[in-house]
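Asks: One structure, as structure tokens, below. Some questions next.
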Amino acid sequence: MKEIKIESTISIYDTINELPEEVSILMEEAINIRKKAYAPYSSFLVGVALFLDNGKIITGNNQENASYPSGLCAERTAVYYAGSQYPEAKILKMVITAGALNKITTQPIPPCGACRQAIAEYEIKQKSPIEIYFSGEKGQIFKSNSLKNLLPFMFDNSEL
Ligand code: THU
């Protein structure tokens, strides 16, 4: 029997003011779209801004449904829109902000497992990593240089 160790590196920004200029612009877009999320069931609003290599900024938020599983997370709303509108473009950066309506979210909120799998597909498709920044409403912002850091042993198309 052998053991292997898997390590991930995450960069931590203490406040929005520490973010690089272009990322703080994306954060502003993500916050604006978060406020327009349709989340009447969870009251948990998530906003995402993507920066593509064609210069476009794509935004998305969570869309809920009375039949709960029919709703969609903000991350997938955004990446699927980008993939459908700009199939040739690469996603360079993704900025996520999340917050509950009834309290202040102070912890960085990472993409859920299903969204990680969806984002992984785009990294594989475009053959380059996506920088992912995730945050709450207040407090620290975490950054991963690639989705791979967030999803060890990801399922991919290599054996299909
Ligand atoms: N949600 C997202 O939009 N992204 C995530 O990565 C986690 C969860 C949404 C789904 C649902 O509308 C609400 O947050 C509560 O789970």
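Everything in the sequence shown is counted per my numbering, starting at 6 for the first residue and increasing by one.
C-beta: ideal position from N, C-alpha, C; glycine also.
1. Taking the beta strand (DSSP E) that Lys98 belongs to, which residues open and close that run?
2. I need the boundaries of the beta strand (DSSP E) containing Ala54, first residue and last residue.
3. Skipping 5 residues on each side, what residues in its chain have a beta carbon closer than 8 Å to that of Lys37?
4. Using the rule of at least 16 other Cβ atoms within 10 Å of the residue's Cβ for burial, across every protein chain shown, is Gly104 buried or exposed?
5. For a test of your reading of the model: does the CB of Asn107 fall under 7 Å from any non-hydrogen atom of the ligand THU? Yes or no.
6. Please work out which residues of its chain come closer than 6 Å, Cβ to Cβ, to Cys243, disregarding the five sequence neighbours upstream and downstream, and give them in chain order.
7. Taking a contact to mean a Cβ-Cβ separation below 8 Å, would you say Glu142 touches Ile109 in this structure?
8. Let me confirm a value: Met6 is counted as buried when at least 16 other C-beta atoms fall within 10 Å, else exposed. Which label applies?
9. What residue from Lys10, Leu106, Phe139 and Leu97 has the CA that sits closest to Pro116's CA?
10. Please tell me whether Gln131 has its Cβ less than 8 Å away from any Cβ of chain D.
Replies: So, from the data block:
1. Residue mapping note: residue 98 aligns to position 93 of the sequence shown, counting from 1. Where Lys98 is concerned, the enclosing beta strand (DSSP E) stretches over Ile96 to Ala105.
2. The residue labelled residue 54 in the question sits at position 49 within the sequence shown. Start and end: Phe49 to Leu57.
3. Against the sequence shown, residue 37 aligns to sequence position 32. As written in the sequence, residue 37 is Asn, which differs from the Lys given in the question. Gly52 and Thr64.
4. Within the sequence shown, residue 104 is the residue found at index 99, counting from 1. Label assigned to Gly104: buried.
5. As a first step, residue 107 is located in the sequence shown; it is residue number 102 there, counting from the start. False, no ligand heavy atom lies under 7 Å from that Cβ.
6. Outside the modelled stretch of the chain, which goes from 6 to 165, sits residue 243, for which no answer is possible.
7. Residue numbering aside, residue 142 sits at position 137 when the sequence shown is read from its first letter. Residue numbering aside, residue 109 sits at position 104 when the sequence shown is read from its first letter. Yes; because the gap between Cβ atoms is below 8 Å, this pair is in contact.
8. Here the question's residue 6 lines up with position 1 in the sequence shown. Answer is exposed; the Cβ neighbour count stays below 16.
9. Within the sequence shown, residue 116 is the residue found at index 111, counting from 1. If we check each option's Cα against that of Pro116, Phe139 comes out closest.
10. Among the protein chains of the structure shown there is no chain D, as only one such chain exists.
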